[in-house]
Amino acid sequence: MAKASLIRIKYSLATTIDVTNDEIPCFYNPLHYHPEVELTLVEQSSGVRIVGDSMEFFGPGDLVMVGANTPHIWKNEQQYDNNGQKIKAKAIVIKFLPDFTGMSIFDLPEMLLVKKLLFETSLYGIKIEGRLHTVVERQMKTLVKESPSARIISLLGILNTIAESNKFRVLSKHTVSKSERQDRVLNTVISFLQTNYRNRIELDKIATIACMHKNSLCQYFKLKTGKTIFNLLHEIRLKQACDLLVNSNDSVESISSRVGFFSQTLFNKKFKDVYKMSPIAYRKQWSAVTPNF
59 MAKASLIRIK
69 YSLATTIDVT
79 NDEIPCFYNP
89 LHYHPEVELT
99 LVEQSSGVRI
109 VGDSMEFFGP
119 GDLVMVGANT
129 PHIWKNEQQY
139 DNNGQKIKAK
149 AIVIKFLPDF
159 TGMSIFDLPE
169 MLLVKKLLFE
179 TSLYGIKIEG
189 RLHTVVERQM
199 KTLVKESPSA
209 RIISLLGILN
219 TIAESNKFRV
229 LSKHTVSKSE
239 RQDRVLNTVI
249 SFLQTNYRNR
259 IELDKIATIA
269 CMHKNSLCQY
279 FKLKTGKTIF
289 NLLHEIRLKQ
299 ACDLLVNSND
309 SVESISSRVG
319 FFSQTLFNKK
329 FKDVYKMSPI
339 AYRKQWSAVT
349 PNF
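The number in the working numbering is simply the position in the sequence shown, starting from 1, with 58 added.
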């Protein structure tokens, strides 16, 4: 079975700036790229985010700029409310071509920092954090309510805020050339792990689903993400365990088995390696700052 190509999305923008703020079943699933720059503020949902060669967990408040033609994906976890209903995904997403104002404006010396942000730095993907996050989030929520012409001015203001602050974190170690956009293996593996983390998972099964030899798959995955497949699986399981420790009264033993750790000893060890405390200590820490169940 041939490996599928990454999807190249070509948006047909009705306006210079495309703005969405919808509640949808899930974010766009395939690993993809497009000629537009994308500024995304996650308001509801969590899961795994890939930008270039960076792979991280995301949650509400995640604010990231992805440059033109940079492969990316926000891959949702399955989340449910207290009534057992699936929680939808919600985000403010602003898409625009790098030269949305025309290239001549970027020849102005005053626009040097914005030009570098759009045409160089954003190609690696940037995560906006701290006080800068607060400012940009407010600006984005204002832009959503504005007229099309006012949005152009506001977007320039947002870009200038980001460029002048330089208080953001670059995500990818290198830009991804077109020759590297060859498959959707990462998307396939991550989807499988997110769906099946509660079960016993064998490498042979993952390799079969990814249509690769297991040795080649392990090397490829580590090269692209800096993590092994089972490192990511443990992270997914531990993240789910943390949610249950905070939001349920289930025993630690019950939680460990529910998230796919069939050895209590392994669960405790992995938990302490990542969070530097036991599951019980983690629950006590959070019970001090959250309401009683």
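Don't be surprised by glycine CBs; every beta carbon is placed ideally from N, CA and C.
Less than 7 Å separating the beta-carbons of Gly117 and Ser230? For the purposes of this step, residue 117 is taken as the residue at position 59 of the sequence shown. For the purposes of this step, residue 230 is taken as the residue at position 172 of the sequence shown. No; because the gap between Cβ atoms is not below 7 Å, this pair is not in contact.
Tell me which residues share the same chain as Leu302 and place their Cβ nearer than 8 Å to its Cβ, disregarding the 5 neighbours each side in the sequence. In the sequence shown, counting from the first residue as 1, residue 302 sits at position 244. Here the set comprises Asp308, Ile313, Arg316 and Val317.
Determine the extent of the alpha helix (DSSP H) in which Val304 is found, giving its start and end residues. Mapped onto the sequence shown, residue 304 falls at position 246. For Val304, the enclosing alpha helix (DSSP H) covers residues Ile287 to Asn305.
Alpha carbon to alpha carbon, how far is Val106 from Asn134? Stepping through the sequence shown from its first residue, residue 106 is reached at position 48. Stepping through the sequence shown from its first residue, residue 134 is reached at position 76. Approximately 7 Å between the Cα atoms of the pair.
Kindly confirm or deny that the segment 118-130 and the segment 90-98 touch, where touching means at least three C-beta pairs closer than 8 Å. Contact between the segment 118-130 and the segment 90-98 is established, with three or more Cβ pairs separated by less than 8 Å.
For the beta strand (DSSP E) containing Asp80, list its first residue and its last residue. Mapped onto the sequence shown, residue 80 falls at position 22. Asp76 to Ile82 is the span of the beta strand (DSSP E), which, as asked, contains Asp80.
Starting from Arg107, trace the beta strand (DSSP E) in both directions and tell me its first and last residue. Along the sequence shown, one-based indexing puts residue 107 at 49. In this chain, the beta strand (DSSP E) harbouring Arg107 covers Gly105 to Val109.
Can you give me the Cβ contacts of Gln279 inside the same chain, cut-off strictly under 6 Å, excluding the 5 residues immediately before and after it? Against the sequence shown, residue 279 aligns to sequence position 221. Position check: residue 279 holds Phe in this sequence, whereas Gln was assumed. So the qualifying residues of the chain are Ile287.
Span of the beta strand (DSSP E) holding Glu96? Numbered from its first residue, the sequence shown carries residue 96 at position 38. Taken as a continuous stretch (DSSP letters only), the beta strand (DSSP E) holding Glu96 covers Val95 to Gln102.
Checking the sheet assignment: what are the DSSP bridge partners for Arg227? For the purposes of this step, residue 227 is taken as residue 169 along the sequence shown, with counting starting at 1. Answer is Lys185.
Excluding sequence positions up to five away, which residues of its chain have a Cβ less than 8 Å from the Cβ of Tyr333? Position 275 of the sequence shown holds residue 333. The residues are Leu296, Cys300 and Tyr340.
List the DSSP bridge partners of Asn130. Locating residue 130 in the sequence shown gives position 72, where the first residue counts as 1. The question names Asn, but residue 130 is His in the sequence shown. Per DSSP, His90 and Val109.
What's the gap between the Cα of Glu195 and the Cα of Arg258? Working through the sequence shown from its first residue, we reach residue 195 at position 137. Working through the sequence shown from its first residue, we reach residue 258 at position 200. Rounded to whole angstroms, Glu195 to Arg258 spans 40 Å at the Cα level.
One question on the structure: do Asp76 and Lys153 come within less than 7 Å of each other, judged by their Cβ atoms? As a working mapping, residue 76 is identified with position 18 in the sequence shown. As a working mapping, residue 153 is identified with position 95 in the sequence shown. For Asp76 and Lys153, yes; Cβs fall inside 7 Å.
Could you tell me the alpha carbon to alpha carbon distance between Glu101 and Ala149, rounded to whole angstroms? What you label residue 101 is simply residue 43 of the sequence shown in a count that begins at 1. What you label residue 149 is simply residue 91 of the sequence shown in a count that begins at 1. When rounded, the distance between both Cα atoms is 5 Å.
If we ignore side chains and look at the alpha-carbon of each, how far apart do His92 and Trp344 end up? Position 34 of the sequence shown, counted from the start, is the residue given in the question as residue 92. Position 286 of the sequence shown, counted from the start, is the residue given in the question as residue 344. Using only the alpha carbons, I get a separation of about 41 Å.
Identity of the residues DSSP links to Leu121 by a beta bridge: Residue mapping note: residue 121 aligns to position 63 of the sequence shown, counting from 1. Answer is Leu99, bridged to Leu121.
Quick check: the Cα distance between Lys328 and His292, rounded to an integer number of angstroms? Working through the sequence shown from its first residue, we reach residue 328 at position 270. Working through the sequence shown from its first residue, we reach residue 292 at position 234. Answer to the nearest angstrom: the Cα atoms are 8 Å apart.
Measure the alpha-carbon distance for Pro156 versus Ser162 and round it to whole angstroms. Residue numbering aside, residue 156 sits at position 98 when the sequence shown is read from its first letter. Residue numbering aside, residue 162 sits at position 104 when the sequence shown is read from its first letter. Here the alpha carbons of Ser162 and Pro156 stand approximately 12 Å from one another.
Residue burial classification, His232 (beta-carbon count within 10 angstroms, cutoff 16): Working through the sequence shown from its first residue, we reach residue 232 at position 174. His232 comes out exposed.
According to DSSP, simplified to helix, strand and coil, what is Val194? Taking the first residue of the sequence shown as 1, we reach residue 194 at position 136. Helix at Val194.
Please state if the CB of Leu181 and the CB of Ala221 are separated by a distance shorter than 7 Å. Reading the sequence shown from its first residue, position 163 is the one you call residue 221. Reading the sequence shown from its first residue, position 123 is the one you call residue 181. If you check the CB distance, Ala221 and Leu181 do not come in under 7 Å.
Can you pull the DSSP bridge partners for Val151? Working through the sequence shown from its first residue, we reach residue 151 at position 93. Checking the DSSP bridge columns, you'll see Val151 partnered with Thr78 and Thr98.
Here's the rule I'm using: 16 or more other beta-carbon atoms within 10 Å means buried, otherwise exposed. How should Asn273 be labelled? In the sequence shown, residue 273 corresponds to position 215, counting from 1. It counts as exposed.
Residues bridged to Phe250 by DSSP? As a first step, residue 250 must be located in the sequence shown, where it is residue number 192. Phe250 is not bridged to any residue.
Might you give, ordered along the chain, the residues of its own chain that have their beta carbon closer than 7 Å to the beta carbon of Thr246, omitting 5 neighbours on each side? The sequence position of residue 246 within the sequence shown is 188, counting from 1. Only Ile267 and Ala268 meet the Cβ criterion.
Report yes if the CB atom of Arg189 is closer than 7 Å to the CB atom of Leu201, and no otherwise. Position 131 of the sequence shown, counted from the start, is the residue given in the question as residue 189. Position 143 of the sequence shown, counted from the start, is the residue given in the question as residue 201. Not a contact, by the Cβ cut-off of 7 Å.
Locate the alpha helix (DSSP H) running through Val317, then write down its first and last residues. Taking the first residue of the sequence shown as 1, we reach residue 317 at position 259. For Val317, there is no enclosing alpha helix (DSSP H), as DSSP marks it with neither H nor E.
Return the CA-CA distance between Pro206 and Ser212, expressed in angstroms with no decimal places. Position 148 of the sequence shown, counting from 1, holds the residue named residue 206. Position 154 of the sequence shown, counting from 1, holds the residue named residue 212. Straight-line spacing of the CA atoms in Pro206 and Ser212 works out to 10 Å.
Expressed to the nearest angstrom, what Euclidean distance is found between the alpha-carbon atoms of Asp120 and Glu81? Looking up residue 120 in the sequence shown gives position 62. Looking up residue 81 in the sequence shown gives position 23. Going from the Cα of Asp120 to the Cα of Glu81 covers about 16 Å.
Once the 5 residues before and after Phe325 are set aside, which same chain residues still bring their CB inside 7 Å of it? Position 267 of the sequence shown, counting from 1, holds the residue named residue 325. The beta carbon of Phe325 is closer than 7 Å to those of Ser314 and Phe319 in its chain, skipping five residues each way along the sequence.
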